[in-house]
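Chemist: Numbering-wise, the sequence shown is residues 1 to 130 according to the UniProt record's numbering.
Dropping a structure here in structure tokens format, bear with me for questions.
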Amino acid sequence: MLPEQVWDGAPLPGQRLHPGRPTGSAMPLAWAHAEFVKLALSCSDKRPCDCPAAVWKRYGGRLPVPSLGLHIPRLPTAALRDGQAIDFAWRRQTCSQWTGVDHRLLLSAAATPPMPSPLDPVVDQASPAQ
1 MLPEQVWDGA PLPGQRLHPG RPTGSAMPLA WAHAEFVKLA LSCSDKRPCD CPAAVWKRYG
61 GRLPVPSLGL HIPRLPTAAL RDGQAIDFAW RRQTCSQWTG VDHRLLLSAA ATPPMPSPLD
121 PVVDQASPAQ
């Protein structure tokens, strides 16, 4: 609980202020009540009331735009054979270091012909062979 303010100055009986007695300026608040007051003020002001001005000036409540960096090498899928392995890794940067998991796919022959990959070289089939 937050204590109510206590008058510590000279007595002012006309204003009902007496040394060591409550000033009547505030009732005790529990932590949850204080958080609710901060939330109400923040909603009213449309910004966090307990955010330092320098931080608000710099960031203005803007969230970073999430982005995903993706590197896909040209994998010649048509040339891959049964028993070959493809190694790859998922990586992400955390606290100035790269962490992630390495993976290995072992290829096995399928009963169907290989599907073309969007990463395979483009062959112009519209031109007639001469």
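Note that beta-carbon positions come from the ideal geometry of N, C-alpha and C, so glycine has one too.
The structure presented is a predicted model; accordingly, all values stated were derived computationally and were not measured.
In the DSSP assignment, what residue or residues form a beta bridge with A79?
Modeler: For the purposes of this step, residue 79 is taken as residue 79 along the sequence shown, with counting starting at 1. DSSP, once it has assigned bridges, lists no residue as partnering A79.
Chemist: Quick one, are the C-beta atoms of T23 and V6 less than 8 Å apart?
Modeler: The residue given as residue 23 occupies position 23 in the sequence shown. The residue given as residue 6 occupies position 6 in the sequence shown. Yes.
Chemist: Assuming V55 is part of the alpha helix (DSSP H), what are its boundary residues?
Modeler: The residue labelled residue 55 in the question sits at position 55 within the sequence shown. Note, V55: alpha helix (DSSP H), A53 to Y59.
Chemist: Could you name the residues of the same chain whose beta carbon sits closer than 8 Å to that of W98, not counting the 5 residues immediately before and after it, in chain order?
Modeler: By 1-based counting over the sequence shown, the position of residue 98 is 98. For W98, where only same-chain residues beyond five positions count, the Cβ hits under 8 Å are R91 and R92.
Chemist: My output table needs one value for W90: the three-state DSSP class, helix, strand or coil.
Modeler: Position 90 of the sequence shown, counted from the first residue, corresponds to residue 90. Three-state DSSP puts W90 in a strand.
Chemist: Just the C-alpha distance for K46 and V65, rounded to the nearest angstrom, thanks.
Modeler: In the sequence shown, residue 46 corresponds to position 46, counting from 1. In the sequence shown, residue 65 corresponds to position 65, counting from 1. So the two alpha carbons sit approximately 21 Å from each other.
Chemist: Could you please give the first and the last residue of the uninterrupted alpha helix (DSSP H) stretch that includes L39?
Modeler: In the sequence shown, the residue the question calls residue 39 occupies position 39. Boundaries of the alpha helix (DSSP H) around L39: W31 to D45.
Chemist: Report the partner residues of D102 according to the DSSP bridge assignment.
Modeler: Here residue 102 is taken as the residue at index 102 of the sequence shown, counted from 1. In the DSSP output, where bridge partners are listed per residue, D102 has A89.
Chemist: Out of curiosity, what's the CA-to-CA distance linking C43 and C49?
Modeler: Locating residue 43 in the sequence shown gives position 43, counting from the first residue. Locating residue 49 in the sequence shown gives position 49, counting from the first residue. Their backbone Cα atoms lie some 9 Å apart in a straight line.
Chemist: DSSP beta-bridge partners for L17?
Modeler: Walking along the sequence shown from the start, residue 17 turns up at place 17. In DSSP, L17 forms a bridge with L12.
Chemist: CA-CA distance, P76 and V101?
Modeler: Counting from 1 along the sequence shown, the entry for residue 76 is found at position 76. Counting from 1 along the sequence shown, the entry for residue 101 is found at position 101. In a straight line, the C-alpha of P76 is about 23 Å away from that of V101.
Chemist: Could you compute how far the alpha carbon of L106 sits from the alpha carbon of A79?
Modeler: The residue given as residue 106 occupies position 106 in the sequence shown. The residue given as residue 79 occupies position 79 in the sequence shown. Rounded to whole angstroms, L106 to A79 spans 14 Å at the Cα level.
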